[in-house]
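K.L.:
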Amino acid sequence: MAIECLVLGAGQEVGKSCVVVTIGGKRVMFDCGMHMGYHDDRHYPDFARALAAWGAPDFTTAISCVVITHFHMDHIGALPYFTEVCGYHGPIYMTYPTKALAPFMLEDYRKVTMGQRGEEKQYSYEDILRCMKKVTPMDLKQTVQVDKDLVIRAYYAGHVIGAAMIYAKVGDAAMVYTGDYNMTPDRHLGAAQIDRLKLDVLITESTYAKSIRDSKPAREREFLKAVHKCVSGGGKVLIPTFALGRAQELCMLLDDYWERMGLKVPIYFSAGLTIQANVYYKMLIGWTSQKIKDSHTVHNPFDFKHVCHFERSFINNPGPCVLFATPGMITGGFSLEAFKKWAPSEKNLVTLPGYCVSGTIGHKLMCGKPTRVDYEDTHIDVRCQGEAM
Ligand SMILES: [Zn+2]
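Under full-length UniProt numbering, the residues of the sequence shown are numbered 1 to 389, in order.
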């Protein structure tokens, strides 16, 4: 039987991952992401066109289930829109940590984009809560019988906490959709792991597939060197990041380095959200790497010694500091506010720890050394150092 893939987003680009696969007569939607570089219709996958192509009366009839791989906005950001605005009310699956953490990510981002120019079709906080109620959580390697013919199973992806690669099977047709995955264990996550499976289709993420990157230790060394140099010169380091994921990994790296070097410069987290996120991380320790699982009873690695809470008024404080501010890619919110303030000084440093999609300030910084960035009606002079990690 033919297997059909309809790529509604993230085909040959990063952003709004959403692939609908028809397999053995079942239609499964893998991920339901948003594109952070757009504020118009291109923001979400083109659901209406898909529905027209399927000739179905509504999404619930058209789709057997939705499976979300992880809590990043480019994989889940359109889900509340899909359920609460488009009216899909069929089954939705994700792992326990993804279900626990997704509302924070969605709400954080919703607040950032609220009132931004051209930002239409926005969902509310209540929509997020209503949407999350419809989600069935699943465990790793748990075989979930979606209906009498369709089976799905999640495998550890090692990308962010709770991230999974998804196996789906109908009759003798089987496939895997990976989402983002990582084969090298880092400070807080293990490596991706999957069984030996017989597949008809493999859909895999390939964000960095074409680029040859320095090794992780080399990138981390460069990062620490740049941060240390900046704060020794009295500068401020801005790290725009999402609340969960890289933020925790980099905090561990910096906290450790601060301890070894005896540094006293403050490291700040911009939002209470991130502090709260760390509480969740502590609760979800079973999903982290073996090394952390083994050692956390002695020392919880998420109890950072040198990291403290940031008050909004600190932004004008003199002297060096390191600041983690949400959202990543500098698309608005507090990371933009800090960027506006600090970018004009050559003493300061902006470090971009993750991939930045086109259309964002982060992307402009990654692509070259701009001397000026225009955002809506503001011009920001950029004299600070920039670094991608
Ligand atoms: Zn991701």
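Every residue gets a Cβ at the ideal spot worked out from N, C-alpha and C, and that includes glycine.
So, using beta-carbon positions, are V66 and I92 closer together than 8 Å?
P.N.:
Counted from its first residue, the sequence shown places residue 66 at position 66. Counted from its first residue, the sequence shown places residue 92 at position 92. For V66 and I92, yes; Cβs fall inside 8 Å.
K.L.:
Grouping DSSP H, G and I as helix and E and B as strand, with all else coil, what is F242?
P.N.:
Numbered from 1 along the sequence shown, position 242 holds the residue referred to as residue 242. Reduced to three states, the DSSP call for F242 is coil.
K.L.:
Taking 8 Å as the cut-off, decide whether the C-beta atoms of M329 and P240 are in contact.
P.N.:
Locating residue 329 in the sequence shown gives position 329, where the first residue counts as 1. Locating residue 240 in the sequence shown gives position 240, where the first residue counts as 1. It is a contact, given that the beta carbons lie within the stated cut-off.
K.L.:
Using a 10 Å radius around the Cβ and a threshold of 16 neighbouring Cβ atoms, would you call P217 buried or exposed?
P.N.:
The count along the sequence shown starts at 1 and reaches residue 217 at position 217. Per the 10 Å Cβ criterion, exposed.
K.L.:
Using a threshold of 7 Å, is the CB atom of V19 nearer than that to any non-hydrogen atom of ligand 1?
P.N.:
Translated into the one-based positions of the sequence shown, residue 19 becomes position 19. Checking every heavy atom of ligand 1 against the Cβ of V19, none is found closer than 7 Å.
K.L.:
Determine which residues share a DSSP beta bridge with A168 and list them.
P.N.:
Residue numbering aside, residue 168 sits at position 168 when the sequence shown is read from its first letter. In the DSSP output, where bridge partners are listed per residue, A168 has I152 and M175.
K.L.:
Looking only at its own chain, which residues have a Cβ that is under 6 Å from the Cβ of T331, when we skip the five neighbours before and after it?
P.N.:
Position 331 of the sequence shown, counted from the start, is the residue given in the question as residue 331. The residues are M36 and T360.
K.L.:
Examine ligand 1 and report whether any of its heavy atoms sits within less than 7 Å of the Cβ of D108.
P.N.:
Stepping through the sequence shown from its first residue, residue 108 is reached at position 108. D108: no, Cβ never under 7 Å from ligand 1.
K.L.:
If I follow the unbroken alpha helix (DSSP H) through V112, where does it start and stop?
P.N.:
Reading the sequence shown from its first residue, position 112 is the one you call residue 112. Counting along the chain, the alpha helix (DSSP H) containing V112 begins and ends at Y96 to T113.
K.L.:
Kindly examine ligand 1 and report whether one of its heavy atoms sits closer than 7 Å to the Cβ of H70.
P.N.:
Locating residue 70 in the sequence shown gives position 70, counting from the first residue. H70 Cβ: within cutoff of ligand 1.
K.L.:
Once you ignore the five residues that flank T184 on each side, which residues in its own chain have a CB closer than 7 Å to its CB?
P.N.:
Position 184 of the sequence shown, counted from the first residue, corresponds to residue 184. The answer, listed in chain order, is A191 and K216.
K.L.:
What's the C-alpha gap between R383 and A226?
P.N.:
Within the sequence shown, residue 383 is the residue found at index 383, counting from 1. Within the sequence shown, residue 226 is the residue found at index 226, counting from 1. Going from the Cα of R383 to the Cα of A226 covers about 16 Å.
K.L.:
Helix, strand or coil for E387? Go by DSSP, reduced to three states.
P.N.:
On the sequence shown, position 387 is the one that residue 387 refers to. In this structure, E387 counts as strand in the three-state DSSP scheme.
K.L.:
Report the option in R219, D256, A10 and T371 whose CA atom is closest to the CA atom of I76.
P.N.:
On the sequence shown, residue 76 is found 76 positions in, with the first residue counted as 1. Considering only alpha carbons, the answer is A10.
K.L.:
My output table needs one value for A163: the three-state DSSP class, helix, strand or coil.
P.N.:
For this step, residue 163 is matched to residue 163 along the sequence shown. A163 falls in the coil class under three-state DSSP.
K.L.:
Flag D180 as yes when its Cβ comes closer than 7 Å to any non-hydrogen atom of ligand 1, and as no otherwise.
P.N.:
As a working mapping, residue 180 is identified with position 180 in the sequence shown. True, at least one ligand heavy atom lies under 7 Å from that Cβ.
K.L.:
Skipping 5 residues on each side, what residues in its chain have a beta carbon closer than 7 Å to that of L79?
P.N.:
Counting from one through the sequence shown, the residue named residue 79 turns up at place 79. Cβ within range, chain order: C32, I68 and C131.
K.L.:
Just checking H159 against ligand 1 - is the residue's beta carbon closer than 7 Å to any of the ligand's heavy atoms?
P.N.:
Taking the sequence shown and counting its residues from 1, one reaches residue 159 at position 159. Yes; taking the cut-off as 7 Å, the Cβ of H159 has a heavy atom of ligand 1 nearer than that.
K.L.:
What residue range does the beta strand (DSSP E) around V14 cover?
P.N.:
For the purposes of this step, residue 14 is taken as residue 14 along the sequence shown, with counting starting at 1. Looking at the DSSP string, V14 is not in any beta strand (DSSP E), and its letter there is neither H nor E.
K.L.:
Kindly indicate which residue of C356, H72 and A53 has the alpha-carbon position closest to the one of I63.
P.N.:
Here residue 63 refers to the residue found at position 63 of the sequence shown. Closest option to I63, Cα to Cα, is A53.
K.L.:
Kindly list the residues whose CB is nearer than 8 Å to the CB of F59, restricted to its own chain and excluding five residues on each side of it in sequence; keep chain order.
P.N.:
Working through the sequence shown from its first residue, we reach residue 59 at position 59. Result list for F59: F47, L51, F82, C86, G87, Y88 and G90, in chain order.
K.L.:
Suppose you measure from the CA of T378 to the CA of D41; what does that come to, to the nearest Å?
P.N.:
In the sequence shown, the residue the question calls residue 378 occupies position 378. In the sequence shown, the residue the question calls residue 41 occupies position 41. The straight-line gap from Cα to Cα measures roughly 24 Å.
K.L.:
Which of helix, strand or coil does DSSP assign to Y81?
P.N.:
Numbered from 1 along the sequence shown, position 81 holds the residue referred to as residue 81. Y81 falls in the helix class under three-state DSSP.
K.L.:
Looking at C-beta atoms only, is the number of pairs between the stretch 356-374 and the stretch 250-258 that lie closer than 8 Å three or more?
P.N.:
No contact exists between the stretch 356-374 and the stretch 250-258.
K.L.:
Would you check if the stretch 199-211 and the stretch 97-111 touch, i.e. whether three or more CB-CB distances between them fall below 8 Å?
P.N.:
The stretch 97-111 is not in contact with the stretch 199-211.
K.L.:
Name the two residues that bound the continuous alpha helix (DSSP H) containing R221.
P.N.:
Translated into the one-based positions of the sequence shown, residue 221 becomes position 221. Here the alpha helix (DSSP H) through R221 covers K216 to S232.
K.L.:
Please classify H72: does DSSP put it in a helix, a strand, or coil?
P.N.:
Start at 1 with the first residue of the sequence shown, and residue 72 comes out as number 72. The answer is coil: DSSP assigns H72 none of H, G, I, E or B.
K.L.:
Does the distance from the CB of S289 to the CB of H188 come in under 8 Å?
P.N.:
The residue labelled residue 289 in the question sits at position 289 within the sequence shown. The residue labelled residue 188 in the question sits at position 188 within the sequence shown. Cβ atoms of S289 and H188: closer than 8 Å.
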